[in-house]
Amino acid sequence: MLADVHFSDPILQKVQDPLLEAKGISLKMLRLDLVHPLVSGNKWFKLKHNLAEAHEQGYQAVLSYGGAYSNHLVALAAAAKLSGLRSIGVIRGELVEPLNPALAFMRAQGMELHPVSRSDYRLKEEASSKAALQAQYGPVFDIPEGGGNRLGLLGSAEISSFIKFSRSAVAGYVMLACGTAATMAGILTSLQGAARVLGVSVLKGADTLSPQIRQWLVEQGQNAPCAWEILRDYHCGGYAKATPQLRQRMHTFTQMSGIALEPVYTAKMIYALYDLAEQGYFPKGSEIIAIHTGGLVAM
Ligand SMILES: *Cc1c(COP(=O)(O)O)cnc(C)c1O
């Protein structure tokens, strides 16, 4: 049972970088990546209430969707195994053997991999697609791609309780990498105080993220949370694309702090943070809490 598995509370780790300190900026990392060795980062928060609900409703299997490198499916595979649930992963595109590390991890955790063509994947929310999956796998608790449903937002909202600014901070900023932005929306529903939340889109042309966040907030009955913004200029070429500058920043940061990042999400957040700092975006006396959303489990 999942209730018996130990998850640690994430720590707020001070990062001492002379470069930031010279600008009067203090940085802390919220280490969601350390909550569990296999179910890591923001994914655990988005999944926990979904898995509890699946149990509650008597389901023995959970099913969700993602690409061949989906951290969401990696986390779901491990979390389902820990909670004694069968799991099915609907994968966009073909399964190429040997499997990449993410898919190999999913399979090793016992997830049944169900590849579908890209065109079928686009139809995954159609009732007929869902009915076909139920016919093949039996009753399954269906979790949307990325875990961005009401229960996923509810879990993400819990992240806010670990965001604590020093009393001496002149201005507070929260930064995190965004894919679907469900994690950010959850945080916005519950964050107290006057912090400004900056979500770094890892996708190119992420025009839908801000409207999607607004819609989620309305659905949660939250119209006026703290100030927030999606930063759209740090995708470095698009999803899973990287530039030499991004890799350089990632290595410099890891060497300085000892904190490992990956290039798809967390490195882009750190890249944006340093770029803004260099531009003088953060006033002297600012405190930034950067959320380490994980992503290092099956690389
Ligand atoms: C999935 C993921 C994100 C994006 O989370 P969203 O809720 O989809 O915005 C950010 N960082 C890492 C490491 C992830 O795996």
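Numbering (this note's numbering), first residue to last: 5 to 303. Glycine included, every Cβ here is placed at the ideal spot set by N, Cα and C.
For Cys182, the CB falls within less than 8 Å of some heavy atom of ligand 1. For the pair Ala231 and Gly197, the Cα-to-Cα distance works out to about 10 Å. The beta-carbon distance between Ala81 and Met115, rounded to whole angstroms, is 4 Å. This is short enough to meet the 8 Å contact definition. Inter-segment contact for the segment 46-58 and the segment 82-96 is present: three or more beta-carbon pairs are separated by less than 8 Å. Residue burial annotation: Arg126 is exposed, with fewer than 16 other C-beta atoms found within 10 angstroms of its C-beta.
Arg90: member of the beta strand (DSSP E) spanning Arg90 to Arg96, first to last residue.
Beyond the five residues adjoining it in sequence on each side, Phe257 comes within less than 6 Å, by CB distance, of Ile274 in the same chain, given in chain order. Secondary structure of Val222 (DSSP, three-state): helix. 9 Å or more divides the Cβ of Ala281 from the Cβ of Leu16. Taken in chain order, the whole alpha helix (DSSP H) runs of length 4 or more contained in the segment 148-202 are 154-161 and 186-194. When C-alpha distances from Glu101 are compared across Val94, Arg111, Ile92 and Gly93, the shortest belongs to Arg111.
In terms of side-chain proximity, the C-beta atom of Glu223 is found no nearer than 8 Å to any non-hydrogen atom of ligand 1. The beta strand (DSSP E) runs lying completely inside the segment 56-92 and spanning 3 residues or more are 65-70, given in chain order. Residue side-chain check: Asn75 places its Cβ nearer than 8 Å to a non-hydrogen atom of ligand 1. For the segment 222-303, the continuous beta strand (DSSP E) assignments of 3+ residues that do not extend past its boundaries occur at 232-235 and 290-296, in sequence order. Within 8 Å of the C-beta of Ser194 there is not a single heavy atom belonging to ligand 1. Cβ atoms of Ile167 and Ile293 come within 8 Å of each other, at about 5 Å.
Arg35 places its beta carbon less than 9 Å from that of His296.
For Pro105, the enclosing alpha helix (DSSP H) has its first and last residue at Pro105 to Ala112.
Of the residues assessed, Thr184 falls on the buried side of the cut-off, its CB having 16 or more other CB atoms within 10 angstroms. Relative to ligand 1, the beta carbon of Val206 is positioned inside 8 Å of a heavy atom. Boundaries of the beta strand (DSSP E) around Glu116: Glu116 to Val120. In this structure, Tyr69 places its C-beta atom within 9 Å of the C-beta atom of Arg96. Under the DSSP assignment, Leu34 falls in the beta strand (DSSP E) whose first and last residues are Ser30 to Arg35. As far as DSSP is concerned, Gln216 takes part in no beta bridge.
Looking from the CA of His76, the closest CA among Leu137, Ala199 and Val94 belongs to Val94.
For Leu16, the uninterrupted beta strand (DSSP E) segment begins and ends at Leu16 to Val19. The criterion of a C-beta distance shorter than 9 Å is satisfied by Val144 and Ile92. By the CB criterion at 9 Å, Glu233 and Leu277 fall outside the cutoff.
DSSP places Phe49 in the helix class (H, G or I) of the three-state scheme. Only buried fits Ala302, as 16 or more other CB atoms lie within 10 angstroms of its CB.
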